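Chains as they are written, first to last, in my numbering: chain A, 28 to 535; chain B, 28 to 535; chain C, 17 to 482; chain D, 17 to 482.
To keep things clear, I will list the structure first and then write my remarks on it.
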Amino acid sequence: WDEPIIFELHNSGERGVSLPKVECEIVECVGDGVSALPASLIRKSAPELPEISQNRVLRHYLRLSQETLGAAFNVEIGQGTCTMKYSPKVNEEIAASPKMTELHPLQDESTVQGLLEVTHKLDLCMREISGMDYFSFQPGSGTQSLFTMASIVRAYHESKGEGDQRDEIITTIFSHPSQAATAAVKGYKIITLYPDKDGFPDLEKLKEVVSERTAGFVVANPEDTGIYNTRIKEFTKVVHEAGGVCYYDQANANGLLGITRAKEAGFDMCFFNLHKTFSTPHACGGPATGALGVVAKLKQFLPGPIVEKQGNQYILNSDLKHSIGKVRSFQGVPQMIVRAYAWIRSLGAEGLKDVAEIAVLNNNYLYHHILKIRGASAPYIKGQRLEQVRYSWEQLTRETGVSTDDISRRMADFAHQYWTSHHPYVVPEPFTLEPTESTSKSDLDEYIASLTHIAKEAYENPEKVKNAPYNSSIHRVDEQDYFDNPEKWAITWRSYLKKVKEVEKIRS
Amino acid sequence: WDEPIIFELHNSGERGVSLPKVECEIVECVGDGVSALPASLIRKSAPELPEISQNRVLRHYLRLSQETLGAAFNVEIGQGTCTMKYSPKVNEEIAASPKMTELHPLQDESTVQGLLEVTHKLDLCMREISGMDYFSFQPGSGTQSLFTMASIVRAYHESKGEGDQRDEIITTIFSHPSQAATAAVKGYKIITLYPDKDGFPDLEKLKEVVSERTAGFVVANPEDTGIYNTRIKEFTKVVHEAGGVCYYDQANANGLLGITRAKEAGFDMCFFNLHKTFSTPHACGGPATGALGVVAKLKQFLPGPIVEKQGNQYILNSDLKHSIGKVRSFQGVPQMIVRAYAWIRSLGAEGLKDVAEIAVLNNNYLYHHILKIRGASAPYIKGQRLEQVRYSWEQLTRETGVSTDDISRRMADFAHQYWTSHHPYVVPEPFTLEPTESTSKSDLDEYIASLTHIAKEAYENPEKVKNAPYNSSIHRVDEQDYFDNPEKWAITWRSYLKKVKEVEKIRS
Amino acid sequence: MKELKKIAHPYIPNTVPEIKDQMLKEIGVKTVEELFAGIPEELHYREEMNISKALSEYELRRYINGIMSKNISTTEYLNFLGAGCWNHFVPAICDEINSRAEFLTGYAGDPYEDHGRYQALFEYQSLMAELVDMDVVNVPTFDWAQAASTSIRMASRITSRTDVLLPKTISPDRLKVIKNYCSPYLTVSLIDFKEDSGQIDLDDLKNKLSSNTAAVYFENPSYLGFLETQGQQISKLAKKHGAITIVGVDPSSLGIVEPPSHYGADIVCGDLQPLGMHMNYGGGQSGFIATHDDIKFVQEYPSRLFGIAPTVSEGEYGFGDVYYDRTSFAQREKGKESVGTQTALWGITAGVYLSLMGPNGMYELGKSIMQKSQYAMQQIGSIPNVVASRFESTSFKEFVVDFSYTGKSVKVINKYLLDNGIFGGKDLSEDFPELQQCALFCITEIHSKDDIDHLVSMIKQCINSK
Amino acid sequence: MKELKKIAHPYIPNTVPEIKDQMLKEIGVKTVEELFAGIPEELHYREEMNISKALSEYELRRYINGIMSKNISTTEYLNFLGAGCWNHFVPAICDEINSRAEFLTGYAGDPYEDHGRYQALFEYQSLMAELVDMDVVNVPTFDWAQAASTSIRMASRITSRTDVLLPKTISPDRLKVIKNYCSPYLTVSLIDFKEDSGQIDLDDLKNKLSSNTAAVYFENPSYLGFLETQGQQISKLAKKHGAITIVGVDPSSLGIVEPPSHYGADIVCGDLQPLGMHMNYGGGQSGFIATHDDIKFVQEYPSRLFGIAPTVSEGEYGFGDVYYDRTSFAQREKGKESVGTQTALWGITAGVYLSLMGPNGMYELGKSIMQKSQYAMQQIGSIPNVVASRFESTSFKEFVVDFSYTGKSVKVINKYLLDNGIFGGKDLSEDFPELQQCALFCITEIHSKDDIDHLVSMIKQCINSK
């Protein structure tokens, strides 16, 4: 499609949808309503929204949808760390019921017993999976979960009178950037551990940095490299001995279900992304839910309310003595709770373990084959990867000049997602692949074939790769500074009309 | 997408969906169930269906969906006679409710009062629109409606003892082929009237052919040329005087709503396609509904049951003395009744008239502009077109060698539907365009621009048009006799594997 | 801010007055009225139709949902009705695919615009072909009744004969459709069944077969639920008389039951509704027809048949209409019967269903239905004075329960069940005089043991109540 | 036919034993267990998780729908609750688009794979920008509370100050989020309101403003429903002290009410939920932030901001991240706050909503809400001893009803309403000690006159009952 910007579809007088009428009797009683407003607050000029008929609006967005390569459409391996798995349609159907969508968050508890029951049941499942004692589903994402945990760390130390003294949080470079960022928002100084030569976080370095200033230690395990820190229990022990709280970013939990748990590794808190490990759809980037679990001693610090069972009734318990308050309005994103619970129930304990095992098997199969591609490597220890791997094209770039960004654009031609990694590129020319349990062997083979083909191209005809894409919805974006020059960036259409068109006019 | 045939996705052992379990207690009671079958009836070899995981099945069909150019995605003008209009999403939402989808057709009447009420209310609306006295919604399409009407014609004459004597039905060449075909199925000899030089059915010819053998006269008006037979009342009068029944194919009713009615034109029966004029979605070709209306004297001939109101209750009335029996199982396709009623209520009497007026305005605007394209013409009378026009590329083909089929393939490159017409091509190199009320002026201009562009190409570079398509999902189908040679046609994958692959093997 | 100008209806963009005027001007016409000049004044409808004012989207939804909420659906009540429309499990993917805007609003585009539609329907034909083990399957027709009717007319054309034999146990609904479709030129006669077993009476069949018999049609399982075990004999008898054997089949049985092609059927037909279609008060029906790849048969299909062919690009497939010249689209009254909009979306959906199920799913489905329905028969049959099943033959999915010894009519029992949230079996008393106070119960894979036990206990309660 | 072999789980293709074995073999590993060798034995969980056996799709649907059916939704009861989550009309197109598999399962693809997602979000930004009449809008954050929190931190970074002033009438829920997000380094103080009007007490504001005030934040309409008319004065006062003015706004008001940028707001934030999102028990919330196109502001956004640029093909547009180096993705703890999955799908949906509504729809929406809520206030206020609204100021959509003179508590009244199928207004007694026995009622465009009249008569009944 060569679909215009929505504003270009404007036809004065057209209308996309009609609204319920206002009965004549009401108009007779109160008049036009608008003139009741204070004159200074009456809007003088209408917002310049486009006027478009319903059919055309629908056509526009349907076409844009087709230009979006959702996980349902491709062999979704390339967005490593994101755990792109199959989001079952039956769960969508269940979540689309008015019994879910048409609930107001302040309805009397007696009228939402079904939803509260599902929430509580999901809590019980999460406890089994993690070993934690209580869960809150209020956080709206992994990042917000990390922020919530940092908040709890602070509240915890404050409750012990050590709030000011403990002002450092330790993390690792191969953990998600949000770990560091959210702790910093909470006022913490960040200490980042770099890996040893095998890619493991360095226990000796940890011992060097812990002190009476240590508030907490946050880490993913496995990290974004897919390497599981075998000495994790020693890490948590060292931190605990220094008086710190250990909290666990379980964004990378897909290879661990039923295999190993946060509790036994010594963590005080952990969270899971329901939209990763528990299959709720990614929705172009939310809404989503982080399931945040804590050990018993931290329950009173949770954001409230939490759902509990009291006799045969489910209640919202807001009576949490040290609660950090709230991190998201109302009860978070409950429709994801329903989806995640449905997913768990469609697998059972055995199925969950299958998830972990197959995810790890798929990843190791992929790893095995990617390493055979000329120019590709996986830095750090050989093997020992769980559910994902951060690879490098360092050699290929050196030998051909083709970068990981070039390959990313070329992969679009093959209708594959391909993600490099978070900045900074600690691994040079990185790419991060995570096949979940949802991909079949044929899917993996297809993805491997595409990468192999492109690597071959890079050696034989590097320009071909560098000038990609060829088959995408659009051609290559003009290489200028449209995104970093304040004079030229345009974050809205109105801004574009003002700036860019103005510039063009002057030029021509 | 270059999506394989579904059988090629087979991986032995995979499975797309699981079924409800059979409880142990049941198994204990009855065993495996299968061995209760007579041995001769137990299937010996499993059907060779593919085994595919759910994610992959979904991906397959989602991709195929994207390779289908539905009316929601293009400026849907090119499938003339089909009245491709906007099917409002809210109607889909209403029809998808379990209160519709999960009803069994034999439920007690008391438990389907809502649906029966909607059916009756739609009947009342249809009566207003047509002037007829009773409606049945049993037929599953326009064609089945025509068949039903032919059946009623026969039953009617039989009831008067003239069943054998009256064995001819008269129709016109610009009416839909189904008119002739269904009457023939009902055993009638078909007499086809050809138009006069202006494209009107010829009243004199009609007078020549009516006789005591005339059972009925069936016609569309306007016909597929978009020309309205101004003397229609004289036609029906002539037929009535000969003792025949006049029935009206209102597939082309979109320009007539609130403008003129079947009753006043002298018809005894008519039908509307709910999937054309009344906006229910075409669904790749059904399920659909024909709304069949009759004058009072024909009520007893309708297929039963019909819905009637009795006091405050809605009932299914099967007590129709001369009923032809049934034409479709149960009550037809009730979910289309709900959609059509919703559509009517979203427009009201005034909106329905707007539909007709704008559909005709749009068509005349298009007509005006198409006639300006070099090589295009609209045979027969100048002007006087209602909601569609059958055009001709006769001149263009003569001057450039480019045929209407070539243009059809080239239009695919511009993501436009383009339909020629039913065979036989009475109009040479025909194409039939019908913009409904759903297209905006900009949409019309876009379609006109595409056709203008291609006509220009035909004169400047005819090979370009002849070798189209270039941007379609697939390339041009190999020009052989795969579809007409019994040795080579393959109507199923198994047949393809046997035949075509065998042939290829021999050849190579 | 100034008052609103008149705005267009959301569904009709060009009701914008300025655009309307502009268009009229461009085509040189003064008013829209002028465009209707071809309609004689006496035919102009000058009254206002008695149809209420337009409702906005929200009002519409609330209004119609309000009416529809008076219905009680089978998700609310326990349903044991079948009789041609069955309460099966519908995978969510089926709904996802058939509600995709592309398929929902597609129609009759060419292979280049609608490649996906062609492929999906070709795949449906191919999947169904495996299930019935035959090489040709059509793009679906309206329903089983139509499929049977057309099969019969195909047989009549092939044999140039006009008599057809049908079993007396056929669905009355279906029979009505067939009779009307066959009249006036085909003669339909019914074959007796054996009282104890319901099986076709072969003696009666022999008596009725003649040199003018175009086809023998029977069903497996029959409308009354039992399996016809004499398929082979019937088809042999038919063949002996030069008649064609047509078998109507419930495809949900074909994971475990032999397909009719294995016992001599020349034409197989039936309903796709069990394969992924919601019941929709009967709106989910969809008919299929299958034959061998024999030109004598293929040329008699009125339906569209999609075929596969290579494209000019190596390894790529395209699709098209096989032998289009048969059809009424091409030939009008000279074509084979007629073709038009039928139920293509249900064909696509059935393809999705079969792809999800695979051979193992279809096997499990059949097995589960057998187990659950046998259990139900056993339990219902153990209620004093209730006979289940009325026939000695093995049943699949449906079976006849005879209440005539209970002293209570089916009507009374069903009313009692209804009051207790159960849709009881279809009352056969009216349609089958020989089956007074019998009801046809349907058990599928969706019924749990609890559901069945609940039904049984309610029947007991009813019978024991006075 | 032989018995079934073990089959794979539909969601996990490679549970097929043969394939599993083949893969293990290919990578040279004997068992899957070996792949977990990196996990120390003591950490291996050897117990069985207490999670029930897998349910099939049909069982799952029936089981969970069974539990969820215990909920009573606002389509069943009449709802007058608002308080931050509002019962508006959701056009069917909004659901159609946000449930499209492409958008539903899209995530973080690049501009070439996900062109449509980028364009849809860029268009959302652009449409929202018109509504607030500002040039920069972010990809949505979690909710209004988060948007306000981030706006405040942006202001703090811009001004290098740490005090913020909030109105005492702020939503308690929102306040909790803001307080936690601002602690420990930002100081939050509340400004008094005038008892009769609810308006901000300008004297108190003046007293509290200082050279360390980073921002003054207020809401329009306020949490308690009335409009703040002193916007211009407040922003002037803030500016005088070098503080930034932040205004939280309900976008459903902006068709008729001046956008905050017109009375001096530097940052505007609020919730998108009214623009096409179902309430979802609070799961439909989505926060937006808007500013002028001033690099001082733009560089402080933590969010992604999509920009437009030409492609190498004439006339074609592409999209990308503006000033990506701000973000925590690029900078970790050095970035601006943090970014991650938030509520992008609701941003796309709000874009669809605004495209459907256009300026006239937004005007009508505002007008209709004003008319209906004024009517409701009039009718409720005419009940003896009931005061509506508690405040003298003009309200939009929500208003405070004071029951304290009726002798009945809000709790009792709401219980009565609940028993009669009505969700009454939010009880303010606990959160606002100065508003004992007051409740916040919400009226939107979906309420008909009948709905309102029914509410009024039920309140009357309750009050008259003993």
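Glycine is no exception: its CB is placed at the ideal position from the N, C-alpha and C atoms.
Computed from a predicted model, the values in this text were never measured in an experiment.
Could you work out which residue in C/GLU450, C/TYR333 and C/LEU206 is closest to C/LYS5 when comparing CA atoms only?
-> Missing from the structure shown is residue 5 of chain C; chain C here goes from 17 to 482 and no further.
Give the residues from the segment 34 to 48 of chain B that approach chain C closer than 9 Å (Cβ to any Cβ), ordered along the chain.
-> PHE34, LEU36, HIS37, GLY40, GLU41, ARG42, GLY43, VAL44, SER45, LEU46, PRO47 and LYS48
Alpha carbon of A/ARG436 to alpha carbon of B/VAL49, nearest angstrom = If you draw a straight line from the Cα of A/ARG436 to the Cα of B/VAL49, it comes to about 50 Å.
Ordered along the chain, which non-local residues of its own chain (more than five positions away) have a Cβ less than 6 Å from that of D/GLU19?
-> In this predicted model, D/GLU19 has a pLDDT of only 45, less than 50, meaning its place in the structure is not dependable; the value taken from the coordinates is given anyway. Contacts found: none.
Cut-off 7 Å between Cβ atoms - residues of its own chain near B/THR170, not counting five sequence neighbours on either side | SER205 and THR209
Touch test, the segment 125 to 139 of chain B against the segment 81 to 100 of chain C, Cβ-Cβ under 8 Å, three pairs minimum | yes
Inter-residue CB distance, A/PHE357 and D/GLY214 (contact presumed, cutoff 8 Å) = Not confirmed; about 23 Å, so no contact.
Could you list which residues in chain E have their beta carbon closer than 9 Å to that of A/TYR497, in chain order?
-> No chain E appears in this structure, whose protein chains are A, B, C and D.
In angstroms with no decimal places, state the Cα-to-Cα distance between C/PRO326 and C/GLU332.
-> Take the alpha-carbon of C/PRO326 and the one of C/GLU332: they are about 6 Å apart.
If you compare alpha carbons, which of D/LEU240, D/THR229 and D/ALA230 is closest to D/SER211?
-> Before going on, a small fix: residue 211 of chain D reads as Glu here, not Ser. Checking every option, the nearest Cα to that of D/GLU211 belongs to D/LEU240.
Stretch pair the segment 518 to 529 of chain B + the segment 351 to 369 of chain C: three plus CB contacts closer than 8 Å | no
8 Å CB neighbourhood of B/ILE218 in its chain, flanking five on each side removed = Excluding residues within five positions, the ones whose Cβ falls inside 8 Å are GLU195, ILE196, ILE197, THR198 and VAL236.
Note the first and the last residue of the continuous beta strand (DSSP E) segment covering C/CYS454.
-> 454 to 458
How big is the Cα-Cα spacing for D/PRO26 and B/VAL334?
-> 44 Å
Of all the residues that make up the segment 92 to 112 of chain D, which are near chain C by a beta-carbon distance shorter than 8 Å?
-> Taken in chain order, the members of the segment 92 to 112 of chain D whose beta-carbon sits within less than 8 Å of a beta-carbon on chain C are PHE105, PRO107, ALA108 and GLU112.
Contiguous alpha helix (DSSP H) assignments of at least 4 residues, all confined to the segment 344 to 422 of chain C | Listed in chain order, they are 344 to 347 and 360 to 397.
Find the nearest neighbour of C/GLY440 within the set C/ILE475, C/ASP447, C/LYS465 and C/GLU235, judged by alpha-carbon distance.
-> C/ILE475
With distances taken Cα to Cα, identify the nearest neighbour of C/LYS427 among C/GLY258, C/GLY367, C/LYS252 and C/GLU446.
-> C/GLU446
Any C-beta of chain A under 8 Å from that of B/LEU393 | no
Taking C-beta pairs closer than 9 Å, name the residues in chain C that A/ARG372 reaches, listed in chain order.
-> Ordered by position in chain C, no residue passes the 9 Å Cβ test against A/ARG372, which lies about 15 Å from the chain.
Hey, quick one: how far does the alpha helix (DSSP H) through A/GLY169 stretch, first residue to last?
-> 169 to 186
Would you mind telling me which residues of chain C sit closer than 8 Å to D/GLU73, beta carbon to beta carbon, in chain order?
-> Here the neighbours are PHE105, PRO107 and ALA108.
In whole angstroms, what is the alpha-carbon distance linking C/ALA306 and C/ALA164?
-> 11 Å
Quick one: is D/ALA117 near chain B, going by C-beta distance under 8 Å?
-> yes
Taking A/ASP510 as part of the beta strand (DSSP E), name the residues at either end of that continuous run.
-> In the sequence on display, residue 510 of chain A carries Phe and not Asp. Note, A/PHE510: premise wrong, no beta strand (DSSP E); not H, not E.
Chain A contacts from the segment 316 to 331 of chain D (Cβ-Cβ distance under 9 Å) | Here the close residues are PRO318, ARG320, LEU321, PHE322, GLY323, ILE324, ALA325, PRO326, THR327, VAL328, SER329 and GLY331.
Which same chain residues, not among the five before or five after C/ILE315, have their C-beta less than 7 Å away from its C-beta?
-> Note that residue 315 of chain C corresponds to Gln in the displayed sequence, not to Ile. So the qualifying residues of the chain are TYR339 and ARG342.
Through-space distance from D/TYR128 to A/SER500, alpha-carbon basis | 7 Å
C/ASN376 CB to nearest chain D CB: under 8 Å?
-> yes
Counting only beta-carbon atoms, is B/TYR113 nearer than 8 Å to chain A?
-> yes
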